[in-house]
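Below is one structure; the comments refer to it alone.
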Amino acid sequence: MSNETREILINSAYILASILFVLGLKMLGRQGTARKGNLISGIGMLIAIVVTLLDHNVIEYKWIVVGLVAGTVIGLACARLIKMTSMPEMVALLNGFGGLASLIVGAAEYCRIRGGTVMPDHPAFTSAVIYLTILIGGITFTGSIYAFCKLAEWLSGRPILFRGQHLVNGLFVVLTVLSGIVYVVSGDPQVQLMAVGVFITLSLVLGWTLVMPIGGGDMPVVISMLNSLSGVAACAAGFVISNNVLVVAGCLVGTSGVILTAIMCKAMNRSLANVLFSGFGAAPVPSTGAASAGVVQGELKPISAEDTFAVLEAARQVVIIPGYGMAVSQAQHVVRELGEMLENNGAEVRFAIHPVAGRMPGHMNVLLAEANVPYEQLVEMDSINPLMPTMDVAIVIGANDVVNPAASSDKGSPIYGMPIIKAHEARTVICLKRGKGTGFSGLENQLFLLPNTRMLYGDAKGSLQGVVSEFKSLAAG
Ligand code: NAP
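Set out below in structure tokens:
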């Protein structure tokens, strides 16, 4: 086969792989088609890998096979062993290794050019792309590892702030840019080597110092942003090694990461700059709730599992609003069981999902899907809110910030403007939580003090099991 024919075949296969990536991504956007979308993207990746391995540029397969076997074993073990609640950490690690891979590709290409193995057609362009690959890869690597350590609680989740922090980071950025310019424009190999050493070191330091002032709760946004960066790094690596499918895949990861980051920021009514630079969560937030706003005065009114059952037994329209606490207590299976029992009792049951409920995008959807809650019962915030006044009971399971009415009524509240699920508009609200703990924002919640709210205290799973067993006794008796 001539080189030209081989080139055409390889690029045709890459186009097919790219189409499968796009189709897969589109299908991932809906729960009903997400699994299929994952499979289709996976097939696209398989085609891309196999075709790349058949490329005549591959000189030796030994280390590729070693890498493939090691990666497959580690990937399979992670898929089996990692708990759903640890997914954000897992994604952080995978992002980090993606960044490291790009850094290594960039550095290896620099070494090949320096050693005279390859002669780039456009030296300045190639140097600029190598610089970007290393820089973005390095920042993504250490930034993701820091995010992983915070999420895994190996490091404190509190933002680490010190005087002049932005100045120090700004100085690092300036030095990084300067060393990049020196590397690209200098013709002296010794100067270039020094510049490469400087920006590799600075990129690794910057990843760490940029994530340092961001609180553990904001890590999902950071991870989504770093995910986007790892895509940009992969895209740049694609230019470095002239691999079209890597450029396309990198662009897709980069843009989808940006979109996801924007969605999360919008759902929290915060700008990306606020997430990255405000040090949100550094100090406990003073309560702006009931008293200061003068909106609600009241007391917490506990309810037992038996009384909760009595309220639910009479209800015909029920909405279940899950939050981070459901994930912590792993209550999703008993939530599904409760939903089925309510339906058998003649109630219409909906699950209202807030876009940032939990600690990662789609957190609640994933947990409820794992428990086989039918997709049709999941309702998005904008669809459920107009129906809220018609709901007999809203059951809030370990959710706090996403149902905090202060977000719409208290202009002094730090979360003012964040869209919420209007649980307070239901006739009766039953809130499941362990005690008086605040949510991610550290704010008191007016919802818990309203006259129509009752508090079912305890671990969400245990509390729900109590209610479910009341339904079971009714069915048995
Ligand atoms: P939340 O505001 O963090 O509140 C969780 C509540 O669950 C707490 O009040 C806690 O109260 C309760 N809880 C914890 N463990 C429990 C257990 N085992 N059983 C029962 N209750 C338990 O959660 P949310 O309403 O889901 O809001 C998510 C927050 O995370 C938002 O502020 C959002 O902006 C932020 N965030 C989300 C994302 C994302 O991608 N989803 C990203 C970044 C930030 P007790 O301690 O009293 O039990």
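Residue numbers (this note's numbering): 402 to 878.
Just so it is clear, CB atoms sit at the ideal spot from N, CA and C, and this is done for glycine as well.
Because the structure is a prediction, the values reported are computed rather than measured.
Proximal residues to residue i (C-beta, below 8 Å), its chain only, five neighbours per side dropped
i, result
"Pro590", "Arg515"
"Ile664", "Pro756, Pro762"
"Ala808", "Asn670, Asp802, Ser814, Ile816, Tyr817, Gly818, Met819, Pro820, Ile821"
"Val423", "Leu653"
"Leu556", "Tyr547, Cys550"
Closer than 8 Å: residue i CB and nearest the ligand NAP heavy atom
i, result
"Tyr725", "yes"
"Met491", "no"
"Met669", "yes"
"Arg559", "no"
"Asp811", "no"
"Gly632", "no"
"Ala758", "yes"
"Thr839", "yes"
"Ile798", "yes"
"Ile816", "yes"
"His764", "yes"
"Pro820", "no"
Sequence-distant residues of its chain with Cβ nearer than 7 Å to residue i (five each side left out)
i, result
"Ala635", "Gly499, Ser503, Leu647, Ala650, Gly651, Val654"
"Leu743", "Leu713, Val719, Val750"
"Leu429", "Ala435, Gly438, Asn439"
"Val774", "Arg737, Gly740, Phe752"
Residues near residue i by beta carbon distance below 6 Å, same chain, minus five either side
i, result
"Arg828", "Asp793"
"Met613", "Ile561"
"Ile531", "Gly507, Glu510, Tyr511, Val641"
"Gly538", "Gly500, Ser503, Leu504, Ala634"
"Phe841", "Gly618, Asp802"
Opposing strand residues paired with residue i [DSSP bridges]
i, result
"Cys879", "Outside the shown range of the chain, which is 402 to 878, sits residue 879, and nothing can be said about it."
"Gln866", "Answer by DSSP bridge pairing: none, since Gln866 is not bridged."
"Glu749", "Gln718"
"Ile754", "Glu781"
Residue i classed as buried or exposed, judged by whether at least 16 other C-beta atoms fall within 10 angstroms
i, result
"Gly695", "Reliability of the predicted coordinates at Gly695 is poor, the pLDDT of 41 falling under 50, and the value obtained from them is presented with this limitation in mind. When all chains shown are included, Gly695 counts as exposed."
"Ala692", "Unreliable placement is indicated for Ala692, whose pLDDT of 40 sits below 50; no coordinate value is reported for it."
"Tyr462", "exposed"
"Asp811", "buried"
"Asp783", "exposed"
"Asn404", "exposed"
"Arg737", "buried"
"Arg760", "buried"
"Lys484", "exposed"
"Ala480", "exposed"
Pick from the options that is closest to residue i, judged by C-alpha positions
i, options, result
"Ala748", "Phe681, Ala770, Gly658, Ala715", "Ala715"
"Ser625", "Leu788, Thr602, Ile660, Gly538", "Ile660"
"Glu490", "Gly517, Asn628, Thr406, Arg407", "Asn628"
"Val803", "Asn786, Pro790, Thr791", "Asn786"
"Ser870", "Ser842, Ala706, Asn773, Ile816", "Ala706"
"Ser419", "Gly472, Tyr547, Asn645", "Asn645"
"Leu494", "Thr541, Asn670, Leu833", "Thr541"
"Tyr415", "Glu405, Ile448, Gly433", "Ile448"
"Arg855", "Gly843, Met789, Leu833", "Leu833"
"Ser528", "Leu410, Asn745, Phe573, Ser587", "Ser587"
"Ala800", "Lys823, Leu477, Val774, Thr791", "Lys823"
Chain B contact for residue i (CB, 9 Å cutoff)
i, result
"Asn801", "The displayed structure is made up of one protein chain only, and chain B is not part of it."
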